[in-house]
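Chain order of the listed sequences is A and B. Following this note's numbering, the numbering of the first sequence begins with 1 at its first residue and continues without gaps. Following this note's numbering, the numbering of the second sequence begins with 457 at its first residue and continues without gaps. Quick reminder that beta carbons are idealized off the backbone N, C-alpha and C, glycines included. One structure is given here, and the rest of the page talks about it.
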Amino acid sequence: MIKNIDFRICFSVMAILTVLVGLFQSWGIALSMLNLCLISAVMAMGVNIQWGFAGLINFGVMGFLAIGGLATVLVSVPPVHEAWSAGGIGILIAGLFLAAVIISIFIINKKLSKNKYKNYFVFLIVILSIPLLKFIAGPSISKIESINAATSGFLGGANLPIIFSWFVGAILSAIVAFVVGKVCLGLRSDYLAISTLLVSGIIITIVKHEEWLSRGVKNVIGLKRPVPYEVNLQKSEWFINLVQFFNSSKLSKDLDPEAKISLLNQLVISSSGVFVKLCFSLIFLVVVFVILYFSEKALNSPWGRMMRAIRDNEEAARAMGKNVVKQHLFIFMLGSAIIGFAGAMLVTYDGLFTPSSYQPLRYTFLIWVMVLLGGTGNNYGAVLGGFVVWFIWIQSAPFAMVVINLFTGHLDETSYIKVHLQNSVPYFRYLMMGLGLILVMRYRPKGLLPEKIIKN
Amino acid sequence: MDFLNSIILLTNFIIVPGITYGSQLALGAIGVTLIYGVLRFANFAYGDLMAFGTMVVILVTWYLQSKGISFGLLPTALLALPVGILLTIAVSLFFDKTVFEYYRNKKSNPVTFIVVSLGIMFVLNAVVRIIIGPNDINFMDGHKFIMKAREFKQLTGLNEGLAIKSTQVITLVTTIITCSILFYFLNKTKTGKSMRAYSNNEDLALLSGIDPKKIVLITWIIVSILATVAGTLYGLDKSFKPFTYFNNLLPIFAATIVGGIGNPLGAFYGGFLIAFSEIGLTYAYKKFFKYIMPESLEPSTLIQFISTDYKFAISFAILIIVLIFRPNGIFKGKVI
């Protein structure tokens, strides 16, 4: 077994694989795969900060991704003025009430920290506030949801460029992570895993069912983009010239002018999609590099050493005077902010926000597989994990198809087994993920790129 | 009369569904808690193990139906249950041998166990979906209702009807039988006692000559039985869909922790607590108050604590509350 793999080799292999996909399948597929690989890499870096640096097991990734996605809606969608005038005040009052409840809980926690009955006070406040909240906000919510229910039925957003939403998503995630962390971080590792998983379930339920906020299961489509639209590209002079320039060899063949124009049109349409994806890739690449740079800086700073010390021996770190609780909360917020950032990126790239699509298997456990497979505690490992896992995730269906055809080649085209297996091709990716995870945990428990321990 | 009507109303919409759902959760939660107590990890593959067992039961049910065999008034799935249990035991033992045993011998930390159980979760998930597909399957046959709402109204002359599905009675009876046998086994037999001893203190149990391999084997067998029975009962009562089974893992975990993780009796009560809070807190009590209050005081709103959309969220919220108040669960855990 190879003890140490250089990360440069791994990334070169991934780059070659992406180019191969581009050559053999299509550049559109290769680029959309690359983009999702980059987004996955950001998610994996977020989880890696929590798990790799600090040993906090966060199974609530899905929830923070959804908060990031919600941020894109809240930031970029134009506000629905009718809805605001109908129920805006009620919602604002309810929001103030909610803030007051949360602040009062924190004050009780601080002031009465010695009191035996503190928890019962908090419990009572929470229980009483839910019906009250419903009483305050209920009428406005039904008013808002009844306005143009088919097309809007929600408050809308701030009509700002969508790129802001990435940062807003990060901030919102950090705020939620603060509350979640305050409640859950004191728990033991396996309890923390279960409770964060459940909290992410609560977050998804809220996003799914509070239609005044997110349109819920009715989805928000046609979100803004930080890059040009295909339709506009196809009309612009410079883009057509660009396409002509790149395909001059194809176009210079002696064709009659009509065929030439139709060929050019086709090329412009197909390359406009590729161009848009390329723009996305560039933006995402910048994001990945910036986050990777700062994560590496942080990991090798005194702060990073302290985090690893806390992770490896909490008691000793506490004895050295480190505030473990505070640092855990901070790193939980930091990691969740990055996950929220990635969630906003994902929704921006998709161009639509569908709360019902958030499932723990795809949005929590898959990200965890990325981190574990790539290398816990190593930022390059997390990025590599994002690439490798997403690559397998996408390519396992075609791969399974080939294998199935190989093994069932002798069977009739209409044979029940063959048709059934061909229909269940998408699920082979779960099989690949599971087997990959089990094998990696057994034979390379520190991942493809293990954590580097710097000895001074 | 009004009082009787209100009681029937609550029985029909809260007590009967609550007992059914609670039994299903309780069976599942006991399985999770046994794994935690003896093997010392939270098994995230449990929901998919339930789905696997149910899938086998469904396949055998279809086979029996195609042969024209049925179980009279009872669903055919009950006949297929033993086959499902056997195959689930085989799968559990296979994964234990190939995956978990290695980490048990290495005495890995709980997080490693959780991670490899995630791997198994992915694999089982894929296997179930590849074999039977991701769609909703209804495999309930036999007699559907023991009591229909209309019949009940005619019988008693009350305004409110009481409907009892046969699956609800089957669930309750099966749960009572399974749990009685299980608790008798754990508390009265020698093997059961050695299991409890092993869970309580591993080193001391080894010193007393208890064979850990046998304990692990028996635990997996019991867990597989519970998973298949719980899964089949849930599928009979509602329907079978792999994704739902995965999702059911969450309230099952909540029930386990609420009852004190590692404590089967606690898990049993935890299941009912979760089920009744989910149903009780999302039920609109308007009609109930209409019956018992004088006319002048009739409520104008639905009197619903939280809307039914948040059904799942309630179990999570209860779990978090319990974790804050009593991190060891309502019933002190860690001893089976």
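>> Buried or exposed, going by whether 16 or more other CB atoms sit within 10 Å of the CB of M370 (chain A)?
In response: With 16 or more other Cβ atoms within 10 Å, it is buried.
> Below 8 Å, can you find three or more Cβ-Cβ pairs linking the region 338 to 354 of chain A to the region 66 to 74 of chain A?
Replying inline: As far as the Cβ criterion goes, the region 338 to 354 of chain A touches the region 66 to 74 of chain A, which means the pair count is three or higher.
> Any idea if P707 (chain B) is buried or exposed, counting beta-carbon neighbours within 10 angstroms, 16 or more meaning buried?
Replying inline: buried
> Among the residues of its own chain, which have a CB less than 7 Å from the CB of L211 (chain A), if the five just before and after it don't count?
Replying inline: Going by the sequence as given, residue 211 (chain A) is Glu instead of Leu. So the list reads E145, G153, F154 and K218, once near-sequence residues are dropped.
>> Out of A:G385, A:A397, A:T414 and A:V402, which one is the CA nearest neighbour of L448 (chain A)?
In response: The shortest C-alpha separation from L448 (chain A) is found at A:G385.
> At what residue ranges does the region 512 to 588 of chain B contain a whole run of the alpha helix (DSSP H), taking only runs of 4 or more?
Replying inline: 533 to 551, 557 to 562 and 566 to 588
>> So, does the region 651 to 667 of chain B touch the region 499 to 507 of chain B, judging by three or more C-beta pairs under 8 Å?
In response: no
>> Just to confirm the assignment: which complete beta strand (DSSP E) runs, minimum length 3, are found wholly within the region 181 to 227 of chain A?
In response: none
>> Is there a Cβ of chain B sitting closer than 8 Å to that of N58 (chain A), yes or no?
In response: no
> Where K746 (chain B) and I130 (chain A) are concerned, what is the direct C-alpha to C-alpha distance, given to the nearest angstrom?
Replying inline: 23 Å
> Going straight from the alpha carbon of V199 (chain A) to that of M62 (chain A), what length do you get?
Replying inline: 10 Å
> Cβ of V791 (chain B) less than 8 Å from any chain A Cβ?
Replying inline: Since pLDDT at V791 (chain B) reaches only 48, below the 50 mark, its modelled position is unreliable, and no value is offered.
> Who does K451 (chain B) pair with in a DSSP beta bridge?
Replying inline: Any question about residue 451 (chain B) goes unanswered here, given that chain B covers just 457 to 792.
>> Give me the DSSP bridge partner(s) of I593 (chain B).
In response: B:F696
> Does the pairing of the region 277 to 289 of chain A with the region 305 to 315 of chain A give three or more beta-carbon distances under 8 Å?
Replying inline: no
>> I'd like to confirm the pairing. Which residues does DSSP put opposite F353 (chain A) in its beta bridges?
In response: A:V220
> Alpha carbon to alpha carbon, what distance is there between G434 (chain A) and L299 (chain A)?
Replying inline: 30 Å
> Can you find a C-beta in chain A that's less than 8 Å from the C-beta of V629 (chain B)?
Replying inline: No - not a single Cβ of chain A is within 8 Å of the one on V629 (chain B).
> Would you say D6 (chain A) reaches chain B, if we count a Cβ-Cβ gap shorter than 8 Å as a contact?
Replying inline: Output row for D6 (chain A): interface = no.
> What does P131 (chain A) touch in chain B if you count any residue whose Cβ is under 7 Å from its own?
Replying inline: F761
> Looking at C-beta atoms only, is the number of pairs between the region 380 to 394 of chain A and the region 7 to 21 of chain A that lie closer than 8 Å three or more?
Replying inline: yes
> Which class does F332 (chain A) belong to by DSSP, given the choice of helix, strand or coil?
Replying inline: helix
>> Measuring only the C-alpha atoms, how far is F639 (chain B) from T675 (chain B)?
In response: Approximately 13 Å, taken between the alpha carbons.
>> Taking the straight line between their C-alpha atoms, what separation do you get for D597 (chain B) and K697 (chain B)?
In response: 17 Å
> Are the Cβ atoms of L185 (chain A) and L329 (chain A) separated by less than 8 Å?
Replying inline: In contact: L185 (chain A) and L329 (chain A) (Cβ atoms closer than 8 Å).
> Under 8 Å Cβ-Cβ, which residues of chain A neighbour R560 (chain B)?
Replying inline: Using a Cβ-Cβ cut-off of 8 Å, R560 (chain B) is close to nothing in chain A; its nearest Cβ partner there is about 13 Å away.
>> For V494 (chain B), which residues in the same chain have their Cβ closer than 8 Å to its Cβ, ignoring the five residues on either side in sequence?
In response: M651, Y654, S655, I671, V672, T675 and I792
>> Which residues of the region 765 to 776 of chain B have a Cβ closer than 9 Å to any Cβ of chain A? Give them in chain order.
In response: D765, Y766, K767, F768, A769, S771, F772, A773, L775 and I776
> Alpha carbon to alpha carbon, what distance is there between I491 (chain B) and R560 (chain B)?
Replying inline: 13 Å
>> Please classify W238 (chain A) as buried or exposed, where buried requires at least 16 other C-beta atoms within 10 Å of its C-beta.
In response: exposed
> Of all the residues that make up the region 318 to 339 of chain A, which are near chain B by a beta-carbon distance shorter than 9 Å?
Replying inline: Those residues of the region 318 to 339 of chain A that come within reach of chain B (Cβ to Cβ, closer than 9 Å) do not exist; the list is empty.
> So, is S248 (chain A) buried or exposed, given that buried needs 16 or more other C-beta atoms within 10 angstroms?
Replying inline: exposed
> Is the CB of A193 (chain A) under 8 Å away from at least one CB in chain B?
Replying inline: yes
> From the beta carbon of G90 (chain A), is the nearest beta carbon of chain B less than 8 Å away?
Replying inline: Proximity of G90 (chain A) to chain B, defined by a Cβ-Cβ separation below 8 Å, is not satisfied.
>> Alpha carbons only, please: which of A:I404, A:K143 and A:S396 is nearest the one belonging to E82 (chain A)?
In response: A:K143
> What are the start and end residues of the alpha helix (DSSP H) that includes Y443 (chain A)?
Replying inline: F428 to Y443
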